[in-house]
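Written out below as structure tokens is the structure these notes cover.
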Amino acid sequence: MNKKKIAVLFGGCSSEYGISLKSSYSVLKYIDKEKYEVIPIGITEKGDWFHYYGSLEKIIEDSWQDDKTECVTAYIVPDRSVHGMMELTPSGPVFTRLDGVFPMLHGKNGEDGTVQGLIKLAGIPLMGCDVLSSALCMDKYRAHVIAEEAGIAVPKAASLAGCFDEETVFEKTANLTYPLFVKPVNAGSSYGITVIEDKSQLMDAVNYALSYDDEVIVEEKIDGFEVGCSIIGDGKGDDIVGRVDEIELFTGCFFDYTRKYTGVDSKIHTPARIDEKTEERIKEAGKTLFRALGCSGYARLDMFLTPEGKIVFNEVNSIPGFTSVSRFPKMMAGVGLEYTDVITKIIEIGLKEEA
């Protein structure tokens with residue numbers, strides 16, 4: 347059987363570079379090598395691209411680029427006649443046809459439609475959301491606009507763009523009730539987010555968010571707890587929906603970076619501690635969001651469940667954390683999909699979409 351050549355992109359010119367290394371390590375380790383010939387392509391924090399030939403352990407240690415004999419400069423070529431990548435070897439360029447590209451890149455320059463655009467331009471099947479849906483899911487403000495249009499409740503919020511003087515910021519947020527979440531519009535992994543209790547903290551929080559993006563969204567806090575819905579599918583109705591999970595915070599109201607990646611002061615319950623009817627409502631809301639935002643391949647859709655049972659949209663991760671113990675695979679394990687099967691399903695959808 348001829349194996350499909352699948353390039354897995356890891357690293358990335360992003361503040362979430364280190365998180366990508368962890369996700370990519372798991373994908374590269376557990377992908378079905380009986381079905382696929384895997385080509386790891388590493389991207390440094392500075393944006394240098396290499397075909398990586400070394401051990402997987404060096405990826406998780408972030409020493410993968412230290413030995414230059416294991417890294418060959420390589421690029422995805424936008425010329426569709428190549429349908430793949432070019433390596434710049436000492437003896438000259440070598441071209442490799444790719445059957446698909448699986449970007450395991452988190453945050454900017456990877457989850458926001460930029461890399462997806464390059465892959466689509468090259469005519470190579472893409473594993474995951476396409477250009478438009480990736481950009482929309484990354485954009486917290488515009489994703490909320492679409493979610494509300496689709497009938498899903500969203501937090502009351504103010505969008506700040508272009509002008510950030512104190513008078514304008516105070517004016518645009520005057521109708522919001524504290525406490526507030528101040529977030530960069532385009533960022534992930536809780537980077538740049540501050541929870542504030544009063545107006546005196548607002549400008550510092552806005553300026554902090556601006557260090558990660560040039561747009562800011564200010565949202566009212568939603569009472570309740572966060573739940574997640576993971577979906578694998580084509581966005582046309584043929585979807586696999588995992589068990590809904592729940593984030594329990596022992597103190598405070600913010601699932602920040604430390605809690606997210608260390609488990610300190612928090613616990614994730616899979617499945618969520620909710621009744622069957624409520625879980626089904628969350629799944630239906632997740633499917634509505636998945637389709638409204640044009641998602642395909644896979645995504646994790648995060649929502650709040652209020653004490654009154656109301657579902658409120660939070661955000662979408664079009665490339666969620668993807669280690670073997672991350673939320674997305676654990677939710678899929680709840681419906682009987684092993685980690686390797688999850689990877690295979692996503693690849694199969696990507697190949698089918700381009701068939």
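Numbered per this note's numbering, the sequence shown finishes at 701, counting up by one with no gaps.
Cβ coordinates follow ideal geometry from the N, Cα and C atoms, glycine included.
Within a Cβ cutoff of 7 Å, which residues of the same chain sit near residue 421, ignoring the five residues on either side of it in sequence?
395, 431 and 432
Of the choices 377, 353 and 407, whose alpha-carbon is the least far from that of residue 364?
407
Euclidean distance between Cα positions of residue 398 and residue 405
Distance between the alpha carbons of residue 398 and residue 405: 10 Å.
Unbroken alpha helix (DSSP H) runs of length 4 or more, entirely within the stretch 516-599: which are they?
List check, alpha helix (DSSP H) in window: 548-556.
Could you check the C-alpha separation between residue 723 and residue 582 for me, to the nearest Å?
The chain is shown only over 347 to 701; residue 723 falls outside these bounds and no answer can be derived.
Nearest-angstrom Cα separation, counted from residue 644 out to residue 588
11 Å
Can you have a look at residue 349 and say buried or exposed, based on whether 16 or more other CB atoms are within 10 angstroms of its CB?
exposed
Going by alpha carbons, who is nearest to residue 453 out of 367, 447, 677 and 565?
Per the Cα distances, 367.
Touch check for the stretch 545-563 and the stretch 618-634: three-plus C-beta pairs under 8 Å?
no
Is the stretch 491-510 close to the stretch 668-679, with three or more CB pairs under 8 Å?
Counting Cβ pairs under 8 Å, fewer than three are found: no touch.
Considering residue 407, what are the terminal residues of the beta strand (DSSP E) in which it resides?
Per DSSP, residue 407 belongs to no beta strand (DSSP E) and is neither H nor E.
Presumed contact (8 Å Cβ cut-off) between residue 450 and residue 557, rounded CB distance
No, residue 450 and residue 557 are not in contact; Cβ-Cβ is about 25 Å, not under 8 Å.
Considering only C-alpha positions, which residue in the set 383, 572 and 379 is nearest to residue 655?
572
From residue 635 to residue 523, what does the alpha carbon distance come to, in whole angstroms?
26 Å
Exposed or buried, which one is residue 521 when buried takes at least 16 other CB atoms within 10 Å?
exposed
Check each candidate in 428, 617, 439 and 498 and name the one with the smallest Cα separation from residue 445.
428
Rounded distance between the beta-carbons of residue 473 and residue 447, thought under 8 Å
7 Å
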